[in-house]
Structure formats: C-alpha cells, structure tokens
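A.B. asks: Quick note: the numbering used here has the sequence shown finishing at residue 564, numbered continuously throughout. In this text, a Cβ means the ideal position worked out from N, Cα and C, and glycines have one as well. Attaching a single structure in structure tokens format; questions to follow.
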Amino acid sequence: MSLNLVKPKIDFQKQDFLRNIGLINWSKMFKLAALLVTLVATSLGDECNSRDTTYGKVCVCDSTYCDTVPQLDVTAGNYQIYSTSSSKLGFNSATGSFQTVTDSDAIGVNVDASTTYQSIIGFGGAFTDSTGININSLPSAAQDNLMNSYFSESGNQYSLCRVPVGGTDFSTRAYSYDDYENDTTLEYFSLADDDLQYKIPYIQKAKELTGDTLKLFSSVWTAPPWMKSNNDWAGIGWLKSEYYQLWADYMMRFFDEYENHNVSFWGMTPPERTRRRFLSSVLQQDQCYGMGADDNGKAILYFGAARLRKGQNRMINKWIGENLGPTLRSSKHKDIKLIIHDDNRVLFENVRLMLSKPTTLSYTDGVAFHWYTDMLTPPSTTGLDEIQEYREDLFVLATEACAGFLNAVGLEQPVEKGSWNRGALYADSIMQNLKYGASGWVDWNLALDENGAPTYIDNFVDSPILVNATLQEFYKQPMFYVMGHFSKFLRPGSVRIETTISGTQDNLQALAFLRPDDLIALVIYNSGTSDVNVQVQQSDENAAVIEIEAKSINTVLYNRVSGA
C-alpha cells in the first residue's frame, strides 16, 4: 500500500477568479504541499484484519494470520510515523521528510534533548493464571501468534512483566505454595500445577522471544491462611508476628523454585497492596476497599481515601526492615529490586510513612502505583519529585491497570469489545504517568476470554487481548495498540526529554524520548474529534507538518540532530 500526498492539479485559467472569492490561499497551499509531499505509507508489516463490533473495532488473529508492526527504517532527514486511530486499528506506518519551511497555523511541538528526566524501565502486563488458561485454549499456531504479538520484534516487544506469587482473583481457585498447617520449615513448599502449566511455559516463551531481556517482578496476594490470624484466605485478619520471618523466607523459596525453571526476577513488590495484604491478606476484594485492623487489633472497614494508621504502618516497616529487607539482601537474590506500596495513589500517605523510616528507605528501590483511584488522585498529585525528596535514585512504576473494573460496583460493563474509549483511557493514563515521572506502565491480564474470565470471585474485567476458544481466534483491542506505542518505541534506557506544545489545543498531548539508538521517539495523542496539523521541529531550520487524526495515538521517530 502506498499513500502519496501530492500537489493538487489547478486550472490556472481560473486562478484569479478563485483567489478573488477566497477559495485559494496560494501561500499556505504551497507551504503545506512542500511539507506534506512524499509522505509514503510503508507496507512491511501485515495489516490489521479488522472486524466491527458493538463498541468499535478489533483486529482478528488466528492460526493462519495475525497483523504485525511495520519495520522501523529511519533515514537521515526523514521521519517515520506509526498511527493507530479509532477508525483504523493496527500500526499504520508512513515516512516523510523534514523541510526548511514552516506553517504558522499548525500546532508547534518542540523537543529539547538537552533537558532530560527519568529513564524508561519498561512496559508490559501480567502472567496471571487466567492469561495462561486463555492462551492454552488456542491451537499452538494461534498461541505463537499471540505471544509474538506481545513479545517479538514484529510485535509490541513487552519488556517488563508481572508474575503473581500464588493465586489471585484471576485464578480458578485460592492457593498458596504451602498449604500444610504450621509448616514452619517450609518442608512442603512447592509450586502449583497452575505455575507449571499456565505461567512458567509462557514466561519462558516470552524470554525466548525477547532474547532473554524481559524483566520480571513478582507480587504476592496473600500468605497461606495458617500464617494469618483468621486462618482464612479472606476476611478480617493479618499476618501473625511469629511468621514475619517465615513469610520472608517464603518469598526467597519462590525465587529459588522459579530459578530452577530458568526464570529469574528483576524486582518484587512486598506484597501487592501492602497495607491491605499485610494486615488483611484479602484475596477476594474489589479494587476500592478492603478489611483491616486498627492499632488495637479491632476490625475496621476502610476505603481508599482513609489515612494509613501509624500502628499498622509500624508493622509493615518492621517486617521490611527486620525480615524481608535483610533476608533479601543477604540471599543469592540480593540484586532484586524492592518496590514498595503497589497500591492506589490515593493511599500515598502509606508511601510517606514508609519512606520516612530509614531502615525501610534503605532497602527500597522504587514505588509502585495502581490506577484504580486516579480519577481522585491523578499522577500530577503524587509525582516523582516528591518521592525523590526521600532519595534521588528511587523510581516510580505504574504496576496495575485494567478497564472495566467498575463492573464490580455495577457502574460499567466488564468487557467492551473493540472500545476505543478504553484504549483512550490507557493512552491518557500512560501519558500522564510518564509526564509525572513514571519509568514504566504495566497492564493487568495479558489475555482474558470475551466475558473477562476466568476469575473465581467473578471479578470480570477487560483485557487488551480477548480469546475466543470456540472459534480458535483472538482479538486485539485498541488497548493493545495503545500499549504498543509505548512498549515498542520507548525501549528500556530511553530518556524522557523536554517537550513543549505551542498553540491552543486542549486535546493534544505530546511526550518525547531519546532512545538508546539516538533516535527521538515523539508520542502524540489526539483525544479530540477533529484532525490537527502538528509542526514537529527537528532543528532550527528543519520541520515537518504532520496531520494527526482525531482520536488517534501516533509515534514519530527521527534522528537526533546535533545540538538539538
């Protein structure tokens, strides 16, 4: 496929008449023609097999066909753009050239590589049991296409993924790795069949597709019930103090067992939703609230906006400072990054109280946030600047997000197959998190079925890929392609650089990054309903005017010019 934007043919005998009635502005016409000419669509990738749905569009893949990302090939003086829009899914690529002309009517986007911010760690999703169950339901060739879509060079090239320690709400049952009562030596600790069948095989495949560069971090949902005060998976309870060290040892055993399967970890969160999991260990709860205990052990029900109680925080700090931290740093897994909080941003007081404790701070490498209360406390309210006041080398990651989660309280549908609006939620969240200091953004389930399942507690939600086992096909949603604009083009080690937008355009967001290969990746997101012309300045002399389609996300890649 080739798309050439060329100067229109003009009947010069009508020139004066047309100019007099205002139908032609010759100056602007030739400026735009000079800027837009030679924009040619590339065709080195397999295009989206588009299918309309009630909510929008999906790209259909099966054992015989799946769309891919066109090859990146940027030459001197030119740029390459990848576009995804509500009207056309997939990665639609074109090339163009920088010119020595300008368009005063275009929205200006200026990039300054001399002003730098955070480095990128990665983007990805989670290897839940439900993910593995759905991938496993497909024929082997379709499985390969799904895994390639996420991890290969022709796909999204995910670089950072999450691995649950034991069961989650996206399992078919509650389980831990040692369900033997009072096994204080962890003699009976063993991985579950779920790990061996639904997690490890696909992690190993992902490692193979990424050339073993995939970073993994673990998150644990609950301790075994016998370690908890209520001896149950859920309900009102907390980790018994006599098992603080044992649970730290439990984490190390998890790393040992996965290492036996050639799976090593870059990071860990201790544990997922620290306050709620440590004190209540609630496995089945929705995203908004949990059960806990007050300073005297009395049961309380709290909502996300509730202030973290200092007594509870002392327990968490004690466990990290006296048990988990020393155990981790003295083990063969000592280089694993310890990432605290792993909870909603509305509970940022938790982070302050943890980082204000010197021992906790000394073991901490980063802070993790979920997106579920960002409508109350957006990334701008708790940015990297505040966290780095405690220590400059701390990083921030967004570690869990999923659309449809308000289904738990009856406010939305769990799955909206093909919804551009849900892709737009991802785009806005990722752009805002990166703008305010996040070094990566990790989605929740990599794949679910068309009902948002399986989930043994009926916590049905959406996913970037939906699997139809009956038809032996899967569907890439707009969320998948939005994720790809970041995971594919903002490679680990890329550095965010200064980006400014001139002109009035409330619906336009832009962020630029200097990649390790010295290419600049400029992500432009247009949430509005109108197309917008954007002038990208490569240098003082050269610019390109690019039409940004309504409801689209775009990545422009070009060579950095010395001094720019």
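1. Quick one: measure Cβ to Cβ for E549 and S85, integer angstroms, because I've assumed they're closer than 8 angstroms.
2. Considering only residues of the same chain and omitting the five flanking positions on each side of H333, which have a CB-CB separation below 6 angstroms?
3. Report the option in S362, L347 and A192 whose CA atom is closest to the CA atom of E322.
4. Across which residues does DSSP place C59 in a beta bridge pair?
5. State the CB to CB distance for the pair F460 and P414, rounded to an integer number of angstroms; the pair is presumed to be in contact (CB under 8 angstroms).
6. What's the C-alpha gap between S159 and N350?
7. Can you check which of these residues, K476, Q505 and L328, is closest to G56 by C-alpha distance?
8. Residues bridged to F513 by DSSP?
9. Please classify Q287 as buried or exposed, where buried requires at least 16 other C-beta atoms within 10 Å of its C-beta.
10. Using alpha carbons as the reference points, say which of Y175, V220, V536 and P270 lies closest to D232.
11. Leaving out the 5 sequence neighbours to the left and right, which residues in its chain are closer than 8 angstroms to G503 when beta-carbon positions are compared?
12. For S87, tell me which candidate among D73, C48 and Y390 has the shortest Cα-Cα distance.
13. Under the three-state reduction of DSSP, which class applies to H341: helix, strand or coil?
14. Runs of 4 residues minimum, wholly inside the stretch 342–426: which ones carry the alpha helix (DSSP H) assignment?
15. Taking the CB atoms as reference points, tell me whether N313 and L353 lie closer together than 8 angstroms.
16. Use the C-beta contact count for G410: other C-beta atoms within 10 angstroms, 16 or more gives buried, fewer gives exposed.
17. Could you give the uninterrupted runs of the beta strand (DSSP E) lying entirely in the stretch 109–141, keeping only those of 3 residues or more?
18. Between the Cα of G565 and those of I387, D67 and T75, spot the shortest distance and give me the residue it belongs to.
19. Between which two residues does the alpha helix (DSSP H) carrying W266 extend?
20. For the 8 angstroms Cβ check, are there 3 or more pairs between the stretch 161–174 and the stretch 187–205?
21. Closest to I553 by C-alpha separation, out of R515, D531 and Y525, would be which residue?
22. DSSP on K88, reduced to helix/strand/coil?
23. Taking a contact to mean a Cβ-Cβ separation below 8 angstroms, would you say G155 touches S93 in this structure?
24. Could you round the C-beta distance between R253 and F217 to whole angstroms and report it? I think they count as a contact, below 8 angstroms.
25. Throw me the rounded Cβ distance for the N110 and L448 pair, which I believe falls under 8 angstroms.
26. Using the rule of at least 16 other Cβ atoms within 10 Å of the residue's Cβ for burial, across every protein chain shown, is T213 buried or exposed?
27. Are at least three pairs of beta-carbons, each pair with one atom in the stretch 198–211 and one in the stretch 478–498, less than 8 angstroms apart?
28. Please classify I81: does DSSP put it in a helix, a strand, or coil?
29. Spatial neighbours of T184 within its chain, please: C-beta separation below 7 angstroms, excluding the five flanking residues on both sides.
30. What are the residues that DSSP puts in a beta bridge with Y558?
31. Keeping to the same chain, check which residues put their C-beta closer than 6 angstroms to that of G423; ignore five residues upstream and five downstream.
32. Could you round the C-beta distance between K215 and G122 to whole angstroms and report it? I think they count as a contact, below 8 angstroms.
33. Can you name, in chain order, every residue of its own chain whose Cβ lies under 8 angstroms from the Cβ of D518, other than the five neighbours on each side?
34. Straight-line CA distance for A543 to K207?
35. Between which two residues does the alpha helix (DSSP H) harbouring W247 extend?
36. Could you give the residue range of the alpha helix (DSSP H) that holds E187?
C.D. replies: In short:
1. Your numbering for residue 549 matches position 549 in the sequence shown. Your numbering for residue 85 matches position 85 in the sequence shown. A Cβ-Cβ separation of about 5 angstroms places E549 in contact with S85 under the 8 angstroms criterion.
2. Here the question's residue 333 lines up with position 333 in the sequence shown. Same-chain partners within the cutoff: F255.
3. As a first step, residue 322 is located in the sequence shown; it is residue number 322 there, counting from the start. Here the closest residue by C-alpha is S362.
4. The residue given as residue 59 occupies position 59 in the sequence shown. In the DSSP output, where bridge partners are listed per residue, C59 has S50 and K476.
5. The residue given as residue 460 occupies position 460 in the sequence shown. The residue given as residue 414 occupies position 414 in the sequence shown. Confirmed, about 4 angstroms.
6. Counting from 1 along the sequence shown, the entry for residue 159 is found at position 159. Counting from 1 along the sequence shown, the entry for residue 350 is found at position 350. If you take the alpha carbons of S159 and N350, they lie about 28 angstroms apart.
7. If you number the sequence shown from 1, residue 56 lands on position 56. Cα-wise, what sits closest to G56 is K476.
8. As a working mapping, residue 513 is identified with position 513 in the sequence shown. Paired residue(s): R496 and A521.
9. What you label residue 287 is simply residue 287 of the sequence shown in a count that begins at 1. Its pLDDT being 26, under 50, Q287 is placed unreliably in this model, and the coordinates cannot settle the point.
10. Here the question's residue 232 lines up with position 232 in the sequence shown. Considering only alpha carbons, the answer is Y175.
11. Locating residue 503 in the sequence shown gives position 503, where the first residue counts as 1. The answer, listed in chain order, is A106, I107 and G108.
12. Within the sequence shown, numbered from 1, the residue matching residue 87 stands at position 87. Of the candidates D73, C48 and Y390, the one whose C-alpha sits nearest the C-alpha of S87 is C48.
13. As a first step, residue 341 must be located in the sequence shown, where it is residue number 341. Correct three-state label for H341: strand.
14. 348–355, 358–363 and 384–388
15. Reading the sequence shown from its first residue, position 313 is the one you call residue 313. Reading the sequence shown from its first residue, position 353 is the one you call residue 353. Inclusion of N313 and L353 in the CB contact set at 8 angstroms is warranted, their separation being smaller than that value.
16. By 1-based counting over the sequence shown, the position of residue 410 is 410. By the 10 Å Cβ count, G410 comes out exposed.
17. Taking only runs of at least 3 residues, the beta strand (DSSP E) segments lying wholly in the stretch 109–141 are 122–126.
18. In the structure displayed, the chain extends from 1 to 564; residue 565 sits before or after that span and is not available.
19. Locating residue 266 in the sequence shown gives position 266, counting from the first residue. Neither: W266 is in no alpha helix (DSSP H) and is coded neither H nor E.
20. yes
21. Here residue 553 refers to the residue found at position 553 of the sequence shown. If we check each option's Cα against that of I553, Y525 comes out closest.
22. Within the sequence shown, residue 88 is the residue found at index 88, counting from 1. Assignment of K88 by DSSP, reduced to helix, strand and coil, places it in the coil class.
23. Walking along the sequence shown from the start, residue 155 turns up at place 155. Walking along the sequence shown from the start, residue 93 turns up at place 93. Taking 8 angstroms as the Cβ cut-off, G155 and S93 do not qualify as a contacting pair.
24. Indexing the sequence shown from 1 puts residue 253 at position 253. Indexing the sequence shown from 1 puts residue 217 at position 217. About 17 angstroms; that fails the 8 angstroms criterion.
25. Against the sequence shown, residue 110 aligns to sequence position 110. Against the sequence shown, residue 448 aligns to sequence position 448. Rounded, the Cβ-Cβ distance is 41 angstroms, inconsistent with contact.
26. If you number the sequence shown from 1, residue 213 lands on position 213. The residue is exposed, with fewer than 16 neighbouring Cβ atoms inside 10 Å.
27. no
28. In the sequence shown, the residue the question calls residue 81 occupies position 81. Three-state DSSP puts I81 in a strand.
29. For the purposes of this step, residue 184 is taken as the residue at position 184 of the sequence shown. Excluding sequence neighbours, T184 sits near L246.
30. Against the sequence shown, residue 558 aligns to sequence position 558. Note: Y558 sits in a beta bridge opposite Y79 and I520.
31. Start at 1 with the first residue of the sequence shown, and residue 423 comes out as number 423. P478, M479 and V482, listed in sequence order.
32. Taking the first residue of the sequence shown as 1, we reach residue 215 at position 215. Taking the first residue of the sequence shown as 1, we reach residue 122 at position 122. Indeed, because the Cβ distance is near 6 angstroms, the residues count as touching under 8 angstroms.
33. On the sequence shown, residue 518 is found 518 positions in, with the first residue counted as 1. Once the five neighbours on either side are set aside, the close Cβ partners of D518 are N559 and R560.
34. On the sequence shown, residue 543 is found 543 positions in, with the first residue counted as 1. On the sequence shown, residue 207 is found 207 positions in, with the first residue counted as 1. If you take the alpha carbons of A543 and K207, they lie about 40 angstroms apart.
35. Locating residue 247 in the sequence shown gives position 247, counting from the first residue. Element bounds for W247: Y244 to E259.
36. For this step, residue 187 is matched to residue 187 along the sequence shown. Careful: E187 lies outside any alpha helix (DSSP H) and carries neither H nor E.
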